[in-house]
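Take the numbering used here: the final residue in the sequence shown is number 377, and no numbers are missing along the way.
See below for the structure under consideration.
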Amino acid sequence: MYTRVVVYVAGLLVVAALAGVVAWRLLGATSTYESAIDTLPRTTLRATYTDWAQVRDSAGGTTLGSVSSKADVQAFLTRAYDLDLTSGSALAESTYAMREAYGFSPIDASWEAFGQGRDGQVDVVRVADGVDLDGVERALRRLGYTPPRGGSGTGGVWVGGPDLVAQIDADLTPVQQNVAVFPDEHLVLMSDNAAYLSTATAVAKGSADGLGHVAGVHGLAAAAHEPVAATQWVSTFACEDLSMGAADDGDRAEGERLVARAGDAGPFEGLVMALQPDRSLVVGLHFENADQADRNLQTRVDLASGPAPGQGGSFADRFEIASGKADGQDVVITTKPTGRTASVLSDLASGPVLFATC
Numbered sequence: 020m021y022t023r024v025v026v027y028v029a030g031l032l033v034v035a036a037l038a039g040v041v042a043w044r045l046l047g048a049t050s051t052y053e054s055a056i057d058t059l060p061r062t063t064l065r066a067t068y069t070d071w072a073q074v075r076d077s078a079g080g081t082t083l084g085s086v087s088s089k090a091d092v093q094a095f096l097t098r099a100y101d102l103d104l105t106s107g108s109a110l111a112e113s114t115y116a117m118r119e120a121y122g123f124s125p126i127d128a129s130w131e132a133f134g135q136g137r138d139g140q141v142d143v144v145r146v147a148d149g150v151d152l153d154g155v156e157r158a159l160r161r162l163g164y165t166p167p168r169g170g171s172g173t174g175g176v177w178v179g180g181p182d183l184v185a186q187i188d189a190d191l192t193p194v195q196q197n198v199a200v201f202p203d204e205h206l207v208l209m210s211d212n213a214a215y216l217s218t219a220t221a222v223a224k225g226s227a228d229g230l231g232h233v234a235g236v237h238g239l240a241a242a243a244h245e246p247v248a249a250t251q252w253v254s255t256f257a258c259e260d261l262s263m264g265a266a267d268d269g270d271r272a273e274g275e276r277l278v279a280r281a282g283d284a285g286p287f288e289g290l291v292m293a294l295q296p297d298r299s300l301v302v303g304l305h306f307e308n309a310d311q312a313d314r315n316l317q318t319r320v321d322l323a324s325g326p327a328p329g330q331g332g333s334f335a336d337r338f339e340i341a342s343g344k345a346d347g348q349d350v351v352i353t354t355k356p357t358g359r360t361a362s363v364l365s366d367l368a369s370g371p372v373l374f375a376t377c
């Protein structure tokens, strides 16, 4: 494979040609992030990921456990939020309530993947090996969830509902209304829609393909490496979710001028933003073919280096470009934080984002 790489050196672009493919492809290895994303249904359009093990390391939560006070748990969550590590989590705000009610929480989780589609949403949690998932199912029964037809240990859906969840603890969220437990896989799935959750369990059972089988998802997930947190958009949904159409008239007009000046900004079919342990941010865009990726490389680097209409200020206020490359059908840009803001991922994940224009 021929890979075109662009890096910034003293304000100048240096172009180099590299042969071969990255090591993980040669070795057939997969990252934790790739595995997590593939537990979500193929119908997912927007996926967020939180590596809770890394979050605990980064935000001083490694000593938390089953006897930790609510104040200690909340202090950890505040530190993690301030570092922009938990904005994509569907569970962070209910951490203490989950532990008290169900016997597990993000404190016990390896990672969390939250997938949203037009038909529903599902949250998948990979818990630590020591978590008693049989005990979790006993807790669900005790709390009043209706057990699955096959009983405990089958991966069926425990059906609750809004009234039940509100009765258990006001800090719980709608996503905890319905729960499925997979003890052998150390997975817990949750959704506010029992029917959608039932469909999603087919992926965990291995009887249906996960999100990683959708075109472009696997390559972008690989480019994300082992992020602490990430957001990934599937197919053309990023064009809808991050569109400059959401900006006001002045910002939209400025965006059009900047895009026209930058050059070729063809449509893309997948996007990932992945926050790394060193606070760098990897941005990956998937195109229909390698030629489109190659043509878009310089344009996307330029757009990510200038003004940020719709976001305010400039992207240079948030990060500087460390490198950019066109690798097959993907453009991958790596940025380094400037230190002026900690909330780069959550800011950009909510749009509008000029360099993600279609």
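Glycine included, every Cβ here is placed at the ideal spot set by N, Cα and C.
Since the model is a prediction, treat every value here as computed from it, not as a measurement.
Beta-carbon gap between residue i and residue j smaller than 7 Å
i, j, result
"A147", "W71", "no"
"P371", "L290", "no"
"L162", "I187", "yes"
"T318", "G282", "yes"
"S278", "V253", "Sequence inspection shows Val at residue 278; the Ser mentioned does not correspond to that position. It is not a contact, given that the beta carbons lie outside the stated cut-off."
"I352", "A323", "yes"
"H382", "D349", "There is simply no residue 382 to check, as the chain begins at 20 and stops at 377 in what is shown."
"V141", "S54", "no"
"P356", "R298", "yes"
"V200", "E131", "no"
"P202", "L152", "yes"
"V194", "A109", "yes"
"F123", "T67", "no"
"D190", "A116", "yes"
"R65", "Q135", "yes"
"P166", "T173", "no"
"A379", "A257", "With the chain running from 20 to 377 in the structure shown, residue 379 is simply not present."
"N197", "G179", "yes"
"V143", "L208", "yes"
"L316", "A345", "yes"
"G285", "V320", "no"
Three-state class that DSSP yields for residue i in the structure shown
i, result
"D346", "strand"
"H244", "coil"
"G238", "helix"
"V268", "It is worth fixing the name first, because residue 268 is Asp in this sequence and not Val. In this structure, D268 counts as helix in the three-state DSSP scheme."
"E131", "strand"
"E339", "strand"
"D151", "coil"
"R145", "strand"
"A158", "helix"
"G370", "coil"
"G231", "helix"
"P326", "strand"
"P125", "helix"
"L304", "strand"
"L46", "Residue confidence for L46 is low, a pLDDT of 35 falling below 50, so the modelled location carries little weight; the figure read from the coordinates is stated next. Helix at L46."
"S365", "helix"
Residue from the options with nearest C-alpha to residue i
i, options, result
"T255", "T63, T51, D57", "T63"
"A111", "Q93, Y121, E119, G79", "Q93"
"G331", "A266, D76, P166", "A266"
"D268", "S342, L191, P328", "P328"
"A78", "G179, T69, R98", "R98"
"A214", "D138, V207, L96", "D138"
"D366", "S87, E204, S50, L102", "L102"
"G274", "C377, L191, Y164, T81", "C377"
"I56", "I340, G343, A242, S342", "A242"
"T51", "R145, N315, F95", "R145"
"V301", "G358, A257, P286, A240", "A240"
"E204", "M263, T58, T105, L364", "T58"
"L104", "L294, V320, P326, D321", "L294"
"A248", "T69, R61, F334, W177", "T69"
"G229", "R276, A219, G235", "A219"
"G378", "P286, F374, G154, E307", "With the chain covering 20 to 377 only, the question about residue 378 has no answer from this structure."
"G107", "P326, N315, L364, F374", "L364"
"Y121", "S85, R271, G175", "S85"
"A325", "A309, L373, Q196", "The question names Ala, but residue 325 in the sequence shown is Gly. The option with the nearest alpha carbon to G325 is L373."
"P73", "F95, E288, Y164", "Before going further, note that residue 73 is Gln rather than Pro in the sequence given. Here the closest residue by C-alpha is F95."
"D76", "R271, A309, P296, G303", "P296"
"L216", "G175, E119, F338", "G175"
Start and end residues, beta strand (DSSP E) containing residue i
i, result
"T250", "248 to 253"
"A257", "First-last for A257: 256 to 260, but that is the alpha helix (DSSP H), not the beta strand (DSSP E)."
"A293", "289 to 294"
Residue i CB to nearest heavy atom of the ligand NAD below 6 Å
i, result
"E275", "This structure lacks the ligand NAD, and indeed carries no ligand of any kind."
For residue i, the first and last residue of its enclosing alpha helix (DSSP H)
i, result
"R137", "Premise fails: R137 is in no alpha helix (DSSP H) and is neither H nor E."
"L316", "309 to 322"
"M117", "114 to 121"
"A55", "51 to 56"
What residue ranges within the region 175 to 228 form continuous beta strand (DSSP E) runs of no fewer than 3 residues, ordered along the chain?
Annotation: the region 175 to 228 contains the following complete segments of the beta strand (DSSP E) (minimum length 3 residues), in chain order: 176 to 178, 197 to 201, 206 to 210.
Complete runs of the beta strand (DSSP E) confined to the region 61 to 97 [at least 3 residues]:
If only complete runs of 3 or more residues are kept, the region 61 to 97 shows the beta strand (DSSP E) at 65 to 69, in order along the chain.
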